[in-house]
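Right, one structure below, let's go through it.
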Amino acid sequence: MNTLNYKKSGRKLEITLTGDFNLNAVKRISDLLDDRKELVIDLQQSRFVNSRAIIFLHRLMNSEPPVKVQISNPPKIFFELLQVLDLHKNWKLDEIVQP
Amino acid sequence: MEAHLLLEVKPEMIGSVSDFTYKWCVNMGLDRQSAARMALCMDEVLTNITLYAFKDENGYAEVWYQYSPSEIEIIVQEKGEPFDPEKYTYDPDRAIRENDFKGASLEAIRQMADQFLFLNRGKDGKEYRLIKKFHFPHIMEVLPAGYDVDSENQRDKSESEEDFLITPVTVDDAEDIAKLIYRSYSYSYPKEDLYFPRRIETAIRNKYKYGTIVRTVSGRPVGYFAVVKSTDSMIGEVTEAVVSPAYRNRGLMKKMMLNLIEMSRQEGLAGLFGMAITNHLFSQKVNAKYGFKSTALIISKSGRRRFKAMEKSFLDMISVVLDFLPLTDHWHKPPVIPEAYTDLLSGIYAQFDEPELSASPNAPYSSRNEKTDMSLSINYESRSALIVVKTYGAGFVESFNRMLKSTEDIKLTSIYIDLPMDDPYINKAITRVKEMGFILSGLMPFFHQEKDFLRMQKLYREINFDDIETFSDCAGQLKNIIRNEYAELQEIGQEA
Chain X
4 MNTLNYKKSG
14 RKLEITLTGD
24 FNLNAVKRIS
34 DLLDDRKELV
44 IDLQQSRFVN
54 SRAIIFLHRL
64 MNSEPPVKVQ
74 ISNPPKIFFE
84 LLQVLDLHKN
94 WKLDEIVQP
Chain F
118 MEAHLLLEVK
128 PEMIGSVSDF
138 TYKWCVNMGL
148 DRQSAARMAL
158 CMDEVLTNIT
168 LYAFKDENGY
178 AEVWYQYSPS
188 EIEIIVQEKG
198 EPFDPEKYTY
208 DPDRAIREND
218 FKGASLEAIR
228 QMADQFLFLN
238 RGKDGKEYRL
248 IKKFHFPHIM
258 EVLPAGYDVD
268 SENQRDKSES
278 EEDFLITPVT
288 VDDAEDIAKL
298 IYRSYSYSYP
308 KEDLYFPRRI
318 ETAIRNKYKY
328 GTIVRTVSGR
338 PVGYFAVVKS
348 TDSMIGEVTE
358 AVVSPAYRNR
368 GLMKKMMLNL
378 IEMSRQEGLA
388 GLFGMAITNH
398 LFSQKVNAKY
408 GFKSTALIIS
418 KSGRRRFKAM
428 EKSFLDMISV
438 VLDFLPLTDH
448 WHKPPVIPEA
458 YTDLLSGIYA
468 QFDEPELSAS
478 PNAPYSSRNE
488 KTDMSLSINY
498 ESRSALIVVK
508 TYGAGFVESF
518 NRMLKSTEDI
528 KLTSIYIDLP
538 MDDPYINKAI
548 TRVKEMGFIL
558 SGLMPFFHQE
568 KDFLRMQKLY
578 REINFDDIET
588 FSDCAGQLKN
598 IIRNEYAELQ
608 EIGQEA
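Sequence lines, in order, name chains X and F. Position 57 (the first sequence) corresponds to 60 in the numbering used here; numbering is contiguous. Position 166 (the second sequence) corresponds to 283 in the numbering used here; numbering is contiguous.
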């Protein structure tokens with residue numbers, strides 16, 4: 004099932020999701036990421052990001068060494084869910100979310 | 118429009134169901150953000166089922182999408198591994214400190230839905246219920262500044278017209294209907310949906326109801342009456358009736374009722390029913406005038422409500438008499454008349470004497486070798502629930518007990534069970550439900566899949582039968598039997 008488009012370049016993986024950021028997308032990204040240390044995700048076409056996707060990103064950013072995560076065009080629900088899980092204070096959203 | 122999906126539980130189907138959920142919610146009238154929240158809830162529930170309920174095994178889940186003018190409800194049922202949500206509490210400190218996100222998914226569901234309910238039905242599986250309310254503006258937020266009810270009603274009186282136009286309601290009438298309700302009843306009309314023009318609009322658009330509106334020749338709305346269609350059978354409830362005070366006693370209600378009956382025949386309905394409240398006789402008398410006959414007394418149908426201009430302004434119990442009007446010639450007595458209520462039911466059926474009801478062409482049928490099939494619907498506003506038994510099957514008693522137990526945490530005020538009358542097992546079923554504290558309610562004609570059901574009711578608060586007024590002989594007889602059964606139940610309770 005094609006839920007994303009991607010581009011690999013050296014240490015960086017760039018993803019454009021064509022659906023919601025859910026369990027399937029997490030599995031695909033996890034496989035594609037391998038040991039790369041930079042992940043860029045465009046969520047323009049996602050209606051929501053689910054809790055597993057948030058946990059996945061949280062663990063990447065807190066792994067040793069950490070993966071640098073950048074997100075563009077997140078849906079409003081992404082911020083709502085971060086707040087529900089009380090992670091909004093912990094995440095450096097200014098650095099993670101691209102303008 | 119309701120929908121029902123049967124799903125093979127696999128990670129690949131989660132996205133498709135989320136897509137369907139989102140689109141169904143938008144089509145039913147939710148804004149896009151709320152629809153996306155419901156799609157997220159559905160994604161979380163199905164992900165949990167996929168990962169934990171079935172793990173690597175094959176399994177199925179069923180999803181029901183249900184609409185009402187005030188909310189939508191999505192019910193997911195599955196029979197995977199047992200699960201206790203109480204053990205999955207999300208703790209953000211633990212999540213950050215120990216990288217332990219246990220309970221995060223359930224927390225997301227709880228916060229994104231307006232209400233989330235988990236029912237554990239033991240061997241009959243688990244149910245996840247997601248509810249999202251429509252957040253539409255109240256009529257008071259829609260009215261122009263300076264709108265004054267008294268001067269509007271005064272205008273009705275001073276401009277009183279004699280000629281009227283009666284037409285079927287359309288979505289364009291929604292705001293006028295809400296204004297008419299507000300002008301006529303202030304805040305005392307019992308159906309809250311009618312104070313929200315967008316709820317009325319979506320209900321008409323979704324064909325949840327149809328109705329008739331009366332306007333003066335100059336276009337001023339002065340009367341409205343509607344039928345809410347059953348989603349389970351080809352019948353409808355006559356409800357939501359209003360005539361502007363200045364235009365009462367001119368026969369408008371009669372014209373609208375006759376119009377509705379004709380519209381219902383054209384819709385192909387097998388019958389209409391009215392729920393006439395028993396705190397006064399007016400509604401019961403109106404129903405009787407148009408040929409409706411009493412078949413059941415449903416106690417404590419709704420919670421506490423306030424009525425304007427009635428002797429009892431605060432009522433802590435609203436009971437209703439169910440009045441039924443058949444619209445088809447193809448109505449037969451059911452294959453089995455329960456022994457405990459033979460005389461009563463014969464009397465109820467005898468009311469419908471034009472033409473006289475014939476015996477069922479179908480022989481009684483035993484479902485003892487089949488699977489038990491029953492469903493539960495919950496009215497969150499009135500905190501009441503209805504169990505509908507489709508097939509008694511081999512495990513009726515166990516399934517009934519499990520379903521009853523699963524409702525214990527909801528703090529219900531009343532619960533009802535509708536028993537099919539095509540299987541001789543109904544006699545044993547009545548005995549069993551009585552042992553669990555149920556008493557009679559009455560006959561529910563054509564109520565599910567165009568078949569007659571016997572309704573029993575369990576009431577969780579004290580009932581004062583002196584507050585219940587009945588008009589017809591049958592309604593009086595029902596009241597007497599129900600009062601006696603209630604008294605017996607109280608005695609048993611005291612002895613215990």
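The beta-carbon is built from N, C-alpha and C at its ideal position, and this holds for glycine as well. The model shown is predicted, which means the values in this text are computed figures rather than measured ones.
With fewer than 16 other Cβ atoms from the protein chains shown falling within 10 Å of its own Cβ, Asn486/F counts as exposed.
Using a 10 angstroms sphere on the CB of Ala28/X, the tally of other CB atoms reaches 16 or more, which defines it as buried.
By the Cβ rule, the segment 253–265 of chain F does not count as touching the segment 277–291 of chain F, because fewer than three pairs are nearer than 8 Å. With contacts defined as CB atoms closer than 8 Å, Tyr577/F and Thr530/F qualify as a contacting pair. Taking the CA atoms as reference points, Ser516/F sits about 7 Å from Asp241/F. Exclusion of the five residues before and after Glu354/F leaves Val345, Phe390 as the residues of its chain whose Cβ lies within less than 6 Å of its Cβ. Neighbours of Val72/X in chain F, taken as residues whose beta carbon is under 9 Å from its own, are absent, since the nearest beta carbon is some 16 Å off.
Taking a beta-carbon distance threshold of 8 Å, Asp45/X does not count as an interface residue toward chain F. Contact check between the segment 315–327 of chain F and the segment 285–305 of chain F: three or more CB pairs, one atom from each, fall below 8 Å, which counts as touching. DSSP places Ala120/F inside the beta strand (DSSP E), whose first and last residues are 120–125. The segment 25–42 of chain X and the segment 179–193 of chain F do not touch, with fewer than 3 CB-CB distances between them shorter than 8 Å. With contacts defined as CB atoms closer than 8 Å, Ala476/F and Lys450/F qualify as a contacting pair.
One thing to note: Leu26/X has its Cβ within 8 Å of the Cβ of Thr164/F.
Under a criterion of Cβ atoms nearer than 7 Å, the residues of chain X adjacent to Tyr139/F are, in order, Arg50.
In the DSSP assignment, Lys410/F forms a beta bridge with Phe441/F.
Nearest to Leu88/X by alpha-carbon distance, out of Gln194/F, Lys204/F, Leu223/F, is Leu223/F. In chain order, Pro209 make up the part of chain F whose C-beta sits under 7 Å from the C-beta of Asp89/X. If you look at Ala358/F, you'll find it in the beta strand (DSSP E) that goes 352–360.
Of the candidates His255/F, Ala343/F, Cys158/F, the residue whose Cα lies closest to the Cα of Tyr304/F is His255/F.
Spanning the alpha carbons of Leu247/F and Asn366/F requires a straight line of approximately 45 Å. Taken atom to atom, the span from the alpha-carbon of Ile534/F to that of Asn518/F is near 12 Å. Taken through DSSP and simplified to helix, strand or coil, Gln183/F comes out as strand.
Per DSSP, the unbroken beta strand (DSSP E) holding Thr19/X starts and ends at 15–20. Non-local beta-carbon contacts of Asn175/F in its own chain, meaning distances under 8 Å to residues more than five positions away in sequence, involve Glu125, Val126 in chain order.
When DSSP states are grouped into helix, strand and coil, Lys450/F belongs to the coil group. Contact between the segment 482–496 of chain F and the segment 459–470 of chain F is absent: fewer than three C-beta pairs spanning the two stretches fall below 8 Å. In the three-state reduction of the DSSP assignment, Glu224/F falls in the helix class. For Val360/F, same chain residues with a beta-carbon under 7 Å away, outside a window of 5 residues either side, are Val339, Gly340, Leu369, Met370 in chain order. For the segment 143–171 of chain F, the set of residues with a beta-carbon nearer than 7 Å to any beta-carbon of chain X comprises Gln150, Ala153, Arg154, Ala156, Leu157, Asp160, Glu161, Thr164, in chain order.
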